[in-house]
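In the working numbering, the protein residues as written are 60 to 180.
Think of the CB as a built atom: it goes at the ideal place given N, C-alpha and C, for glycine as much as any other residue.
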Amino acid sequence: MSVPFYVSPEQIMRDKADFARKGIARGRSVVVLQYDGGIAFIAENPSRALHKISELYDRIGFAAVGKYNEFESLRVAGVRLADMRGYSYDRSDVTGRSLANAYAQTLGTIFTETAKPFEVE
Numbered sequence: 060m061s062v063p064f065y066v067s068p069e070q071i072m073r074d075k076a077d078f079a080r081k082g083i084a085r086g087r088s089v090v091v092l093q094y095d096g097g098i099a100f101i102a103e104n105p106s107r108a109l110h111k112i113s114e115l116y117d118r119i120g121f122a123a124v125g126k127y128n129e130f131e132s133l134r135v136a137g138v139r140l141a142d143m144r145g146y147s148y149d150r151s152d153v154t155g156r157s158l159a160n161a162y163a164q165t166l167g168t169i170f171t172e173t174a175k176p177f178e179v180e
């Protein structure tokens, strides 16, 4: 009987990070700029059906690069979270920071607990 291969946890995390970076690199870039008149979201988007850039909630934007189905599920989850928090508490309780923290938690969990990490940025 053969002995199964051993791969260290550090190597698994490095491999997952490399895999995600390569997937993100294949995506089309998004540029977000702050200027005196506000914020500009600029992206090359060949399809009108893709939501590469969108508004999540009152003046909170979303822009993503990577696999469409993965960042679309994150976008929809962000819209739902913002709507629920704004409806349950107050519109002012929905902030970019709270959504960023929710995204960080979700992406961190997916990265560490699943075999394939999301290829999004």
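According to DSSP, residues forming a beta bridge with residue i
i, result
"I10", "For residue 10 there is no data in the structure shown, the boundaries of the chain being 60 and 180."
"L92", "A99"
"V179", "G125"
Buried versus exposed call for residue i [16 or more other C-beta atoms within 10 Å across all chains shown]
i, result
"K175", "exposed"
"V179", "buried"
"R139", "exposed"
"K111", "buried"
"R134", "buried"
"Y65", "exposed"
"L92", "exposed"
Contact set for residue i: own chain, Cβ-Cβ below 8 Å, skip 5 residues either direction
i, result
"I119", "A141, V153, T154, G155 and L158"
"S67", "none"
Beta-carbon proximity list for residue i, same chain, < 6 Å, skipping 5 on both sides
i, result
"R144", "D152 and V153"
"A79", "P176 and E178"
"I101", "V90"
"G86", "V124 and G125"
Test item: CB-CB of residue i and residue j under 7 Å
i, j, result
"V124", "I98", "no"
"A122", "V89", "yes"
"E129", "F177", "yes"
7 Å CB neighbourhood of residue i in its chain, flanking five on each side removed
i, result
"Y127", "L109"
"R150", "D117"
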